[in-house]
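Taking it in order: structure first as structure tokens, then the write-up.
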Amino acid sequence: MPWTQGQSGNPSGRKPGTGKVEKLRAALTKELPDVLEALVAQAKAGDTGAIKLILERTVPALRPVDAAAPLNLPVGGGLAEQGRAVLVALASGQLPANQAVAILQGLGNLAKLVELDELEKRVAALEGKQARAS
């Protein structure tokens with residue numbers, strides 16, 4: 001049967017578990033309990049490499065987390081004034097840098113939403129004037 005472009009020569013594909021990687025995993029699975037037992041024994045004996053390997057694979061790495069810092073933003077002021085308050089809190093050490101960044105990004109996104117809302121109102125007003133003039 002000649003080869004046809006766009007058609008697989010083996011439509012059902014390779015059978016699962018017949019590749020080299022699958023065979024290697026199957027062989028390792030049989031030996032895994034003995035390997036783990038030996039690794040734990042080495043760790044208990046003080047082998048720092050074994051200890052590190054076990055910990056890296058079983059315990060997730062700890063990541064620093066900043067405590068939430070209360071921040072009073074000026075309510076009556078505009079977004080620029082609120083942004084300045086965040087920068088002042090950052091500069092005075094009242095607010096961690098990552099929290100200041102997150103708040104400033106939030107204020108920036110809010111500014112974009114306010115701008116879009118105002119533009120939408122202005123366009124609607126102009127279209128209203130255009131419709132009345134026609």
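Residue numbers for the sequence shown follow the UniProt record's numbering, so the first one is 1 and each next one is one higher. Don't be surprised by glycine CBs; every beta carbon is placed ideally from N, CA and C.
- C-alpha of residue 27 to C-alpha of residue 87: approximately 59 Å in a straight line.
- In the three-state scheme derived from DSSP, where H, G and I count as helix and E and B as strand, residue 105 is classed as helix.
- Non-local C-beta neighbours of residue 94 in its own chain, meaning closer than 7 Å and more than five positions away in sequence, comprise 69, ordered along the chain.
- Going by DSSP, residue 49 is part of the alpha helix (DSSP H) stretching over 48-58.
- Contact check for residue 83 against residue 104 passes: the beta carbons are separated by less than 9 Å.
- Around the beta carbon of residue 89, 16 or more other beta carbons sit within 10 angstroms, so the residue counts as buried.
- Per DSSP, the unbroken alpha helix (DSSP H) holding residue 33 starts and ends at 20-44.
- Judged by DSSP in its simplified three-state form, residue 68 adopts coil rather than helix or strand.
- Collapsing the DSSP output to three states places residue 128 in a helix.
- If you compare the alpha carbons of 85, 67 and 66 with that of residue 75, the shortest gap goes to 85.
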